[in-house]
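Student:
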Amino acid sequence: MIDRIEAGKLDAEISLVVSNNPDAYGLVRAQKHGIPTAVVDYRNYGKRFLAEVVQSTLPKEFDEVVNRQRIYSGLADGEVRDRLARLALAEQEVLALLKPLNPDLICLAGFMRLISPYFIGHYNTEDRYGIMNIHPALLPAFPGTDGYGATFSYGCRFGGVTVHFIDEGEDTGPIIAQAIYPIWPEDTLEVVRRRGLELEYAIYSQCIQWMAQGDLKLVRGEDGRPQVRILDPEYPAFLEQLTQQAFAR
């Protein structure tokens, strides 16, 4: 994103880079380009910390957050509340950093933490999604943290990447765009991952550009599920070019 912004190919300004990992290279790169950075270490909000926290420290809408959540399944109610409480406490820190900036869009890139309904509720409305993510698989297949590994180990002949908006499930938000790449018999996981990353860089920035141009339209399908329409007339040509590059040998 930084390279494309500086090259004049992406009409955006990065106001802040936040990481949960103090050693993330993205922080160093942002600082080199004069972009403010911050670290919110979620490990500070472990079970030991939670035991010392009074209920009043949690968001006032915490019970509603628990009722709306779809990221923790198969867990006892007490464990769900425990995990959501720790998540929400860390997210309060992130929100305090973001609030004065009033960002138009939050972009997740390598942020390996679940996002709770508490955080999402600050940026999503019924007719607008404000958090975008890139996922290393063709959703709804292979959600979770290891999209490339799952695609490769399953023996897929094609892999892909998905840019989508965040909703209250895990990798279930409205899909914006997808791109595919081949998996040849001689490929290794590292080759597959490298091929996918090349697509990630191109398609993620393009989706942000479409949003900046007003070329993403949210509609409702017959089942009421939100869907994204890309209005840019150059979209087919862009996708064709990406596909040709991915399949070139």
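For reference, each letter of the sequence shown is one residue, going 837 to 1085 in the numbering used here.
Just so it is clear, CB atoms sit at the ideal spot from N, CA and C, and this is done for glycine as well.
(1) Could you check whether isoleucine 951 and isoleucine 1019 sit closer than 8 Å to each other, using their CB atoms as the reference points?
(2) Is it the case that the Cβ atoms of isoleucine 970 and valine 997 are separated by a distance below 8 Å?
(3) Do leucine 937 and serine 851 come within 8 Å of each other at the CB atom, strictly closer than that value?
(4) For a test of the three-state rule: what should DSSP assign to valine 999, helix, strand or coil?
(5) Out of curiosity, what's the CA-to-CA distance linking threonine 788 and glycine 914?
(6) Do you know offhand how far glycine 882's Cα is from cysteine 1043's?
(7) Please name the residue or residues paired with threonine 961 in a DSSP beta bridge.
(8) Can you list, in chain order, the residues of its chain whose CB lies under 8 Å from that of proline 976, leaving out five sequence neighbours each side?
(9) Could you tell me which residues DSSP puts in a beta bridge with serine 855?
(10) What are the boundary residues of the alpha helix (DSSP H) that includes isoleucine 951?
(11) Per DSSP, tyrosine 1017 forms a beta bridge with which residues?
(12) Whole angstroms is fine: what's the gap from glutamate 1076's alpha carbon to arginine 1056's?
(13) So for leucine 1054, helix, strand or coil by DSSP?
(14) Taking glutamine 1049 as the reference, give the member of Gly995, Ala848, Ile967 and Phe988 with the closest Cα.
(15) Go to isoleucine 942, then tell me how far its beta strand (DSSP E) extends in each direction, as first and last residue.
(16) Alpha carbon to alpha carbon, how far is alanine 860 from tyrosine 984? Give it in angstroms, no decimals.
(17) Looking only at its chain, what residues have a beta carbon closer than 7 Å to the beta carbon of isoleucine 1039, apart from the 5 residues adjacent to it on each side?
(18) Considering only DSSP beta bridges, list what proline 1062 is partnered with.
(19) From arginine 906 to arginine 949, what does the alpha carbon distance come to, in whole angstroms?
(20) Beta-carbon within less than 6 Å of glutamine 1080's beta-carbon, same chain only, minus the 5 sequence neighbours each way: which residues are those?
(21) Aspartate 1051 CB to nearest chain B CB: under 8 Å?
(22) Could you check what DSSP says for asparagine 938 in three-state terms: helix, strand or coil?
(23) Apply the 10 Å Cβ neighbour rule to phenylalanine 988 and answer buried if 16 or more other Cβ atoms are within range, or exposed otherwise.
(24) Since glycine 946 and glycine 1005 are thought to touch, with beta carbons under 8 Å apart, how far apart are those beta carbons, to the nearest angstrom?
(25) Cutting at 8 Å between CB atoms, please list the residues of its own chain near arginine 964, excluding the five before and the five after it.
(26) Compute the distance between the beta-carbons of valine 1027 and valine 930, then report whether it is under 8 Å.
Tutor: On the basis of the coordinates in this document:
(1) Reading the sequence shown from its first residue, position 183 is the one you call residue 1019. Reading the sequence shown from its first residue, position 115 is the one you call residue 951. Going by C-beta atoms, isoleucine 1019 is not nearer than 8 Å to isoleucine 951.
(2) Indexing the sequence shown from 1 puts residue 970 at position 134. Indexing the sequence shown from 1 puts residue 997 at position 161. Yes, the Cβ-Cβ distance between isoleucine 970 and valine 997 is below 8 Å.
(3) Working through the sequence shown from its first residue, we reach residue 851 at position 15. Working through the sequence shown from its first residue, we reach residue 937 at position 101. Yes; because the gap between Cβ atoms is below 8 Å, this pair is in contact.
(4) Residue numbering aside, residue 999 sits at position 163 when the sequence shown is read from its first letter. Strand at valine 999.
(5) Look at the range of the chain in this structure, 837 to 1085, and you will see that residue 788 is not part of it.
(6) In the sequence shown, counting from the first residue as 1, residue 882 sits at position 46. In the sequence shown, counting from the first residue as 1, residue 1043 sits at position 207. Cα to Cα, the separation comes out at about 35 Å.
(7) Looking up residue 961 in the sequence shown gives position 125. Partner(s): Arg964.
(8) Sequence index remark: in the sequence shown, residue 976 carries index 140 (1-based). If we look at proline 976 and ignore the five residues flanking it on each side, its Cβ neighbours are Asp1007 and Thr1008.
(9) Numbered from its first residue, the sequence shown carries residue 855 at position 19. Looking at the DSSP assignment, serine 855 forms a beta bridge with Val875.
(10) Within the sequence shown, numbered from 1, the residue matching residue 951 stands at position 115. Neither: isoleucine 951 is in no alpha helix (DSSP H) and is coded neither H nor E.
(11) Working through the sequence shown from its first residue, we reach residue 1017 at position 181. Beta-bridge pairing by DSSP links tyrosine 1017 to Gly995.
(12) As a first step, residue 1076 is located in the sequence shown; it is residue number 240 there, counting from the start. As a first step, residue 1056 is located in the sequence shown; it is residue number 220 there, counting from the start. Approximately 26 Å, taken between the alpha carbons.
(13) Taking the first residue of the sequence shown as position 1, residue 1054 is located at position 218. If DSSP states are grouped into helix, strand and coil, leucine 1054 belongs with the strands.
(14) Taking the first residue of the sequence shown as position 1, residue 1049 is located at position 213. Taking only the C-alpha atoms, the option nearest glutamine 1049 is Ala848.
(15) The residue given as residue 942 occupies position 106 in the sequence shown. For isoleucine 942, the enclosing beta strand (DSSP E) begins and ends at 942-944.
(16) Counted from its first residue, the sequence shown places residue 984 at position 148. Counted from its first residue, the sequence shown places residue 860 at position 24. Per the coordinates, the alpha-carbon of tyrosine 984 lies some 20 Å from the alpha-carbon of alanine 860.
(17) Translated into the one-based positions of the sequence shown, residue 1039 becomes position 203. Listed in chain order, the non-local C-beta contacts of isoleucine 1039 below 7 Å within the same chain comprise Val997, Val999, Ala1013, Ala1015 and Leu1078, local neighbours out to five positions each way being set aside.
(18) Residue mapping note: residue 1062 aligns to position 226 of the sequence shown, counting from 1. The partner list for proline 1062 (beta bridge, DSSP) reads Arg1056.
(19) Taking the first residue of the sequence shown as 1, we reach residue 906 at position 70. Taking the first residue of the sequence shown as 1, we reach residue 949 at position 113. Those two C-alpha atoms are separated by around 14 Å.
(20) Counting from 1 along the sequence shown, the entry for residue 1080 is found at position 244. Same-chain partners within the cutoff: there are none.
(21) Given the protein chain composition of this structure (a single chain), no chain B is represented.
(22) Working through the sequence shown from its first residue, we reach residue 938 at position 102. Asparagine 938: coil per DSSP, three-state reduction.
(23) Position 152 of the sequence shown, counted from the start, is the residue given in the question as residue 988. Buried, since its Cβ has 16 or more Cβ neighbours within 10 Å.
(24) Here residue 946 refers to the residue found at position 110 of the sequence shown. Here residue 1005 refers to the residue found at position 169 of the sequence shown. The beta carbons of glycine 946 and glycine 1005 sit about 20 Å from each other, so the pair does not count as a contact at 8 Å.
(25) Start at 1 with the first residue of the sequence shown, and residue 964 comes out as number 128. Counting only Cβ-Cβ distances below 8 Å, and skipping sequence neighbours, we find Leu1054.
(26) Residue numbering aside, residue 1027 sits at position 191 when the sequence shown is read from its first letter. Residue numbering aside, residue 930 sits at position 94 when the sequence shown is read from its first letter. Not closer than 8 Å, so no.
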